[in-house]
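Protein chains in written order, with the numbering used here: chain A, 1 to 438; chain B, 439 to 703.
What follows is one structure encoded as structure tokens, with my remarks underneath.
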Amino acid sequence: MMRTFKKGGIHPSENKLTAGKPILDLPLPGELRIMLAQSIGAPARPVVKPGDVVTVGQMIAEATGFVSAPVHSPVNGTVKKLEPTRTPQGIWQDSIVLVPDADNPFDSSLQPRSEEEIGHLSPAEIISIVADAGIVGLGGATFPTRVKLSVPEGKRATTVIINGAECEPYLTCDEALMNVEADNILKGALLIMRATGATEVIVGIEHNKPDSIAAMSRAAERYPEIRVEALRTRYPQGGEKQLIYALTGRVVPCGALPVETGCIVDNVATAYAIYDAVYNRHPLTHRLMTVSGEGLTSPGNFRVANGTPLSSLIDFAGGMPEEAGKVIAGGPMMGRAVSTLEATATKGLSGLVVIPESQARRKPAGPCIRCARCVAACPMGLEPYLFMLQAENQVWEGMSEHGVMNCMECGCCSYTCPSSRPLLDYIRLGKQELRKKK
Amino acid sequence: MILISIIVLGIIGLVAAVLLFVAAKRFFVYEDPKIGEIEALLPGANCGGCGFSGCHAFAVECANATSMQGLNCTGVDAEGMAKIADIVGLAPSSAAKKTMVIKCSASCENRDPRNLYDGIHSCAVENALYQGESDCIYGCLGCGDCVRACQFGALTLPPSQGLPIVDPEKCTGCGKCTEVCPRHLCELTTEDERPIIWVACANRDRGPVAMKECGVSCIGCGKCRKVCPVDAPVIESFLAHIDRDKCTACGECIAACPRKSIEKR
């Protein structure tokens with residue numbers, strides 16, 4: 001019996017079209033537009049001005065608080081201007097426009113740290129390296145990692161969970177990373193363990209990625225404190241609370257952080273970024289992204305510089321297919337539709353999925369037939385049909401009483417509804433109204 | 439058989455009638471007859487424009503009032519208010535009549551939809567979860583929350599235009615629409631002999647951005663302020679606003695506006 005979470009969940013078609021594809025470096029575009037707001041929390045403040053020459057890994061915008069992350073230049077180049085750029089949702093936000101050097105944009109004088117030096121790093125030093133490298137949760141939530149690693153006083157971390165579930169359909173960038181960089185991911189995981197004072201590391205991987213499980217298990221043989229577990233392929237296996245339950249049997253209380261149960265959960269890509277920052281002194285400037293979709297001629301897993309326009313990603317994957325109806329930023333379950341391809345790659349963007357016109361439109365919503373499939377599918381044990389009724393009638397307090405704030409917006413309810421009711425939209429509306437009231 | 443049924447039902451009816459009569463006498467509550475008379479004059483839309491929870495609450499308030507000051511039903515004209523004042527035997531108050539203008543003039547041809555929204559047909563949802571179909575994040579979404587909220591049928595939304603039209607004859611200025619518009623585009627303004635001139639835009643983006651987003655967006659250039667003889671336009675965060683108290687409705691600004699975002703009614 002494979003490990004999994006207790007309640008709800010669904011199994012959408014996996015559509016991992018790019019599974020097993022090698023990681024390709026995306027060619028640098030003519031200009032990079034680097035967003036200042038790349039993490040949850042306060043946007044970074046620029047520390048360069050137009051005309052400045054920047055080098056690989058140089059900080060170009062500083063953090064503006066504890067829950068904030070600095071931004072670094074992925075290339076050698078020149079700052080062209082500071083001006084707003086549209087986000088994938090079409091909102092103008094401040095960004096730094098960089099023109100990479102024509103020749104050797106990646107030459108760097110950054111020297112790797114020696115094993116001995118790393119061995120002597122204290123937890124506080126590791127956390128400060130992570131903070132300075134601008135590392136945020138790369139699973140998509142973009143929560144600054146330094147906050148996660150700073151265990152609050154009075155709490156104790158025992159277990160580091162490395163999230164390699166990648167339960168979203170289409171996305172394969174974590175899988176690609178695990179196949180190639182297994183040992184370095186584990187080195188990053190051990191650094192997280194040291195920084196938080198935990199005593200064990202568990203890597204959770206869905207069993208539809210046998211190559212990754214094999215590669216990670218092989219790499220883990222060297223480290224007695226690390227174990228790799230196969231998880232049942234079931235969405236949302238990669239949800240923080242679901243993963244903690246599946247791997248440790250612990251339940252995160254309502255409204256509490258995972259550290260309450262002694263668990264620190266980080267994505268494989270985040271663990272790799274920590275390794276890269278500590279061992280190679282590379283701040284977070286590149287990430288792996290999956291560009292996938294039925295109509296694309298060459299979908300794949302690409303290593304993308306921060307600030308690359310989404311249009312060049314699509315071009316590299318073979319150009320926008322004729323029958324494309326929608327592009328989704330992130331996976332199809334939790335991602336949001338892209339309204340403009342002028343937008344650029346950010347730290348939190350794990351992929352682009354091109355959906356053909358035939359599947360892009362919502363079906364007209366029918367009446368609720370009280371089948372309770374949404375209740376059965378909800379991994380948090382909530383009642384989505386009730387939330388929708390309450391939101392329609394603006395009974396916000398009622399939604400709060402029934403625990404709407406525990407919803408993680410995984411979308412299982414909307415996916416499973418036979419009447420195609422927009423359950424999640426109403427839940428999001430309710431959550432937003434309740435946040436406004438606070 | 440039929441006879442028995444009729445007799446039984448007749449007895450039940452008789453007993454019920456007696457019970458009802460007793461109950462009506464026993465639990466009788468005196469209500470000022472003026473309240474009923476006033477309520478008959480009110481529109482019965484329960485819009486809340488008067489500041490009370492509904493038409494009945496307003497009627498009760500009027501009947502108990504010692505002065506009509508501050509009591510005004512937006513749905514009743516001056517004559518109607520005079521009648522109400524007459525019923526309660528007080529001098530009618532003179533409240534300025536309000537009407538609503540929409541601070542957006544971007545009909546479909548002025549702003550290209552960048553994407554297609556096929557979610558829930560509600561401005562509140564579209565605004566909260568998506569950013570609308572066009573580039574402008576300040577303008578009308580065109581799902582008609584205001585049209586559904588209007589109890590007086592003063593708003594219509596032709597689908598080809600994607601922007602509600604106000605019927606000034608029917609608008610009572612109750613302000614229900616101002617509550618539901620998630621982008622706060624419905625604005626109440628006083629109605630008098632002067633025509634109303636207002637900036638039909640709410641875009642607060644910088645000029646070049648605003649210009650790209652919409653064909654009739656205010657870019658805060660300040661030309662209206664330059665030509666205005668009474669300094670009525672005020673420019674704040676790249677958006678002009680015309681001070682109704684100062685405006686003489688000369689119309690100079692409408693002619694001067696390079697973006698055609700000033701409207702007159």
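Note that CB positions come from ideal geometry on N, CA and C, so glycine has one too.
Under 9 Å, Cβ to Cβ, is there at least one residue of chain A near residue i?
i               : result
Q589 of chain B : no
L480 of chain B : no
Y576 of chain B : no
L567 of chain B : yes
D556 of chain B : yes
D583 of chain B : no
D683 of chain B : no
D524 of chain B : no
D630 of chain B : no
D515 of chain B : no
D669 of chain B : no
Specify the secondary structure class of residue i as computed by DSSP and reduced to three states.
i               : result
Q38 of chain A  : coil
L579 of chain B : coil
M289 of chain A : strand
A44 of chain A  : coil
C263 of chain A : strand
I369 of chain A : coil
P646 of chain B : helix
N454 of chain A : This structure cannot settle anything about residue 454 of chain A, because the visible part of chain A is limited to 1 through 438.
E629 of chain B : strand
S400 of chain A : helix
V228 of chain A : strand
L452 of chain B : helix
E469 of chain B : coil
Verify the CB distance criterion: does residue i have a CB-CB separation below 9 Å to chain B?
i               : result
R370 of chain A : no
I91 of chain A  : yes
R232 of chain A : no
L429 of chain A : yes
A365 of chain A : yes
R362 of chain A : yes
E229 of chain A : no
Suppose you measure from the CA of residue i to the CA of residue j; what does that come to, to the nearest Å?
i               : j               : result
A256 of chain A : N406 of chain A : 10 Å
G188 of chain A : I274 of chain A : 5 Å
V404 of chain A : V395 of chain A : 12 Å
E294 of chain A : L24 of chain A  : 19 Å
F676 of chain B : I635 of chain B : 19 Å
L243 of chain A : C561 of chain B : 37 Å
F106 of chain A : S73 of chain A  : 10 Å
L452 of chain B : V467 of chain B : 24 Å
L138 of chain A : A678 of chain B : 42 Å
I34 of chain A  : V48 of chain A  : 12 Å
G474 of chain B : A483 of chain B : 16 Å
A324 of chain A : T308 of chain A : 21 Å
A317 of chain A : T18 of chain A  : 11 Å
K637 of chain B : K541 of chain B : Note on residue identity: the sequence assigns Val, not Lys, to residue 637 of chain B. Rounded to the nearest angstrom, the two C-alpha atoms are 6 Å apart.
C368 of chain A : L386 of chain A : 10 Å
V354 of chain A : S114 of chain A : 43 Å
A501 of chain B : P471 of chain B : 9 Å
G577 of chain B : A544 of chain B : 7 Å
V136 of chain A : V265 of chain A : 12 Å
G527 of chain B : H494 of chain B : 19 Å
Apart from the five residues just before and just after residue i, which ones in its own chain have a Cβ nearer than 6 Å to its Cβ?
i               : result
E342 of chain A : R86
R373 of chain A : T416
I575 of chain B : Q569
M320 of chain A : I314
Spatial neighbours of residue i within its chain, please: CB distance less than 8 Å, with the 5 preceding and 5 following residues excluded, ordered by chain position.
i               : result
V304 of chain A : L26, H286, R287, L288, M289, L313, A345
G9 of chain A   : R234, Y235, P236, Q237, Q242, A377, P379, C412
Within its chain, find whatever has a CB closer than 7 Å to the CB of residue i; leave out the 5 residues flanking it on each side and keep chain order.
i               : result
A271 of chain A : I162, I185, G188, A189, I192
C584 of chain B : L593, P602, C615, V618, C619, C624
V71 of chain A  : I34, L36, Q38, A44, I60, A61, G134
E31 of chain A  : K80, V97, L98, V99
Hey, does residue i have any beta-carbon neighbour from chain E nearer than 9 Å?
i               : result
E397 of chain A : In summary, chain E is missing from the structure at hand, where the protein chains are A and B.
| request: Below 7 Å between beta carbons is the criterion; list the residues of the region 298-325 of chain A that meet it against any residue of chain B, in chain order. | output: none
| said: Tell me which residues of the region 335-353 of chain A have at least one Cβ-Cβ distance to chain B shorter than 8 Å, keeping chain order. | reply: A337, S339, T340
| query | Listed from N- to C-terminal order along the chain, which residues in the region 634-659 of chain B have their beta-carbon within a distance smaller than 7 Å of any beta-carbon of chain A? | reply | D643, V647
| request: Can you give me, in chain order, the residues of the region 69-84 of chain A that have a beta carbon less than 8 Å from any beta carbon in chain B? | output: P84
| field | Residues, ordered as in the chain, of the region 536-563 of chain B that lie near chain A by beta-carbon distance below 9 Å | value | R552, N553, L554, D556, G557, I558, S560, A562, V563
| task | Could you run through the region 408-426 of chain A and flag, in chain order, every residue whose CB is less than 7 Å away from some CB of chain B? | result | P422, D425
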